[in-house]
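Protein chains in written order, with the working numbering: chain R, 5 to 254; chain C, 68 to 332.
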Amino acid sequence: MITRLGCGAITALLAMLCVGATIGAQGGGGRGGAPRAFDAHDISGFWGLSFDSRRVPPATLLPRITKAMTDLHARRDVHAMRWCNLLGTPFTMDSGTPIDIRQGPTTIIVATENSPAPRYLYLGRKHVSADIYDNTTNGDSVANWEGDTLIVDTVGFHPTRGITSIPGGGFKTDKSHLVERYRLLENGDVLSVTFTWTDSTVFAAPHTYEFRYYRLPSTYEPVSSWPCDPYNETRAKFIGDPAPLTAAAK
Amino acid sequence: MKFAFATAGIIASTLGVVAQPSAQTRPESLQGIERVEGDWVRVDPNGSGDFGGLTSKFVPASLTPQGTAAAEAMRRAQAAPRGPAYNDEKPHDVGQPYIVVAKPCAAGPFGGGALGINPDSGAIHLVVGKGEVIVAPERGGIRHIYMDGRTHPDVSRWTPTGSGHSVGRIDNGELVVDTMGIAPGPVTAGGWRTPETHLVERFVVSPDGQHLTINYRWEDPKIYQKPHEYHYELDRLPAGSYAFEEWCDASDPIEQQSIVPPPQQ
């Protein structure tokens, strides 16, 4: 925590020293080879993960987190997929399809092609009061630019709905806190996102991993309706359902 | 931790650069089509009193014989018995639920972002990004409106979807969207559509930024004797509003049922 606060302040200082933080940095090449401009403060685009896009170390879990607990979450994850439930974050950030990120003046939306529920990253806003917020699979995300890094802070995760397992180990609870840091690299052709999960009931130390997304051509067109039919018996048999619904899992 | 926080705060505030969240931009304060960004929900400007009444005063579509036949076929299909559970007119025993949805949580006719075209009672959320406007209906799905000057694909090479293929442009500071490639289905006020049908929408935000009118114009000489036009009225949700998540678990039997008769006195 000390390190993060210190870095946050330093980042802010550096951001102010770099006058005109909204510069449109000149790219050196880009994949097409031609120099082009990009806005370091706009992550809009179609983005895809490739085989070399993930750097995910194992999480350090609390001793109380047993294999049986993580296995239960894994089984629930399959159940959620089997029944075409909303799968939520972190699934949204690695859904198996490209993601469409559009940054508006007030909101950034992150949409996958195979989930009907996008993420909303609200700019310059405080979290919704926990007194009124019903926890969700994506949680409540607020976003702010610090220099050339977009900091996204998410709380309010639902502890059992959707995919709850976290890359590298561990799982979401209603106490989970996710901080993401988005930065454009390589003249805007690569989007780095570092994810840091903290949860005093799951992790012994903050769990950080990084994805690097490749920018897809701006002419890309998402498939708007990947099929997911919970009543398709052939599909259901293929996936299986190792965690049928119980009252505790609702 | 307190020391670190205080130290960081002192250093930063001394230099006047503490990393505070920037003030939230109010969408109504924006210019041009960015003013459509935000959260919107349909309203009842005619005092209709119920959701079905919202469109009761719309001018009905003037269909060609082909359009009439297609719409009638759909009405017959919708009116067909949906199984024994739906024909059960007997009072149910205590604790025996009335089953009202055979396959809950299936994508159905609202899949593929269809509610981004004609929103129902759920809110819609618009984000105006670089090269694209996204319409996200709260009840699910994504509608992409490309603003980069691209044209529609050849309809013969396009797989129809709930929201079709939409390209937008700015006209007099307003968002105008042309859509084709929508899956066949009914249109508000007695209309019909096929993938060849064109929909032109104009999004008009009121001067105070609090109201949105979406003007619809459906054009298809095979379906309509004349373009079918109507408009929806929406209000901007209050500042600080956020998108709800509509959870529906098809594995939960309770999603199928409506009323469960309670013990009688």
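Note that CB positions come from ideal geometry on N, CA and C, so glycine has one too.
Counterpart residues of residue i in DSSP-defined beta bridges
i, result
"C:R109", "C:L301"
"R:V60", "The partner list for R:V60 (beta bridge, DSSP) is empty, contrary to what the question assumes."
"C:D316", "In the DSSP output, where bridge partners are listed per residue, C:D316 has none listed."
"R:H181", "R:T202"
"R:V257", "One cannot answer for residue 257 of chain R here, as it falls past the ends of chain R, which runs 5 to 254."
"R:R106", "R:I113"
"C:R260", "C:G252"
"R:A147", "R:L127, R:V156"
"C:V234", "C:Y213, C:D245"
"C:I191", "C:W107, C:P204"
Euclidean distance between Cα positions of residue i and residue j
i, j, result
"R:Y235", "R:V82", "15 Å"
"C:T228", "R:A147", "32 Å"
"R:Q30", "R:E225", "Residue confidence is low: R:Q30 scores 32 on pLDDT, short of 50, so the model does not pin down where it sits. No coordinate-derived value is stated."
"R:L125", "R:V159", "12 Å"
"R:R35", "R:D135", "Note that R:R35 has pLDDT 49, beneath the 50 cutoff, so the model's placement of it is unreliable and the number below is only indicative. Rounded to the nearest angstrom, the two C-alpha atoms are 48 Å apart."
"R:K179", "R:V206", "9 Å"
"R:P52", "C:D302", "A small correction: the amino acid at residue 52 of chain R is Gly; Pro does not occupy that position in the sequence shown. For R:G52 and C:D302, the distance between alpha carbons rounds to 36 Å."
"R:G92", "R:G244", "20 Å"
"C:F70", "C:I191", "Residue placement at C:F70 is flagged as unreliable, the pLDDT there being 33, under the threshold of 50; a coordinate-derived value is accordingly withheld."
"C:E286", "C:G134", "12 Å"
"C:P320", "C:I166", "10 Å"
"C:P253", "C:P328", "35 Å"
"C:C172", "C:Y297", "30 Å"
"R:F242", "C:L182", "31 Å"
"C:Q277", "C:D106", "10 Å"
"R:R86", "R:D43", "40 Å"
"C:F311", "C:E205", "6 Å"
"R:L127", "R:T110", "5 Å"
"R:G32", "R:T153", "Confidence in R:G32 is poor, its pLDDT being 35 and thus under 50, which makes the residue's placement too unreliable to answer from."
"C:R210", "C:S308", "21 Å"
"R:S169", "C:G119", "42 Å"
"C:T261", "C:M214", "23 Å"
"R:D203", "C:K170", "37 Å"
"R:I103", "C:Q331", "53 Å"
"C:H295", "C:A137", "16 Å"
"R:R187", "R:I155", "9 Å"
"R:V227", "C:P220", "14 Å"
"C:Q145", "C:V267", "27 Å"
Check whether residue i and residue j have beta carbons under 8 Å apart
i, j, result
"R:V197", "R:F215", "yes"
"C:G231", "C:T246", "yes"
"R:Y213", "R:G172", "yes"
"C:E199", "R:G108", "no"
"C:R269", "C:S188", "no"
"C:T264", "C:I249", "yes"
"R:T64", "R:H211", "yes"
"C:G207", "C:E101", "no"
"R:N89", "C:D275", "no"
"C:S129", "C:L121", "no"
"C:G235", "C:I212", "yes"
"C:V161", "C:Q323", "no"
"C:V272", "C:N282", "no"
"R:W230", "R:T101", "yes"
"R:I167", "R:A240", "no"
"R:P122", "R:V114", "yes"
"R:G49", "R:I105", "yes"
Residue i - DSSP class collapsed to helix/strand/coil
i, result
"R:D245", "coil"
"C:P253", "strand"
"R:D138", "coil"
"C:M247", "strand"
"C:I100", "helix"
"C:E205", "coil"
"C:S308", "coil"
"C:Q145", "helix"
"C:A75", "Residue placement at C:A75 is flagged as unreliable, the pLDDT there being 33, under the threshold of 50; a coordinate-derived value is accordingly withheld."
"C:I290", "coil"
"C:D160", "coil"
"R:D75", "helix"
"C:Q332", "coil"
"C:A140", "helix"
Closer than 8 Å to chain B by CB, residue i
i, result
"R:R68", "In the structure shown, chain B cannot be found, because the protein chains are R and C."
Practice problem: Mind checking the stretch 184-201 of chain C against chain R and listing, in chain order, the residues whose C-beta falls within less than 9 Å of any C-beta there? | Solution: H192, L193, V194, V195, G196, K197, G198, E199, V200, I201
Self-check item: Within 7 Å of chain C by C-beta, residues of the stretch 41-63 of chain R in sequence order
Solution: D46, S48
Quiz item: Looking at chain C, which residues of the stretch 213-228 of chain R have a Cβ within less than 8 Å of any of its Cβ atoms?
Solution: S222, T223, E225, P226, S228
Quiz prompt | Cβ-based contacts, 7 Å cut-off: residues of the stretch 215-232 of chain C near chain R | solution = D215, R217, T228, G229, S230
Quiz prompt | Residues of the stretch 121-134 of chain R whose Cβ lies closer than 9 Å to any Cβ of chain C, in chain order | solution = Cβ contacts with chain C: A121, P122, Y124, Y126, L127, G128, R129, K130, V132.
Practice problem: Residues of the stretch 187-206 of chain R with a CB closer than 8 Å to any CB of chain C: list them in chain order, please. | Solution: none
Quiz prompt | Near-chain R residues of the stretch 91-103 of chain C (beta-carbon distance less than 7 Å), N- to C-terminal order | solution = Q91, T92, P94, L97, E101
Quiz item: Quick one, which residues of the stretch 228-240 of chain R are near chain C if we go by CB-CB under 9 Å, in chain order?
Solution: S228, S229, P231, C232, D233, P234, Y235
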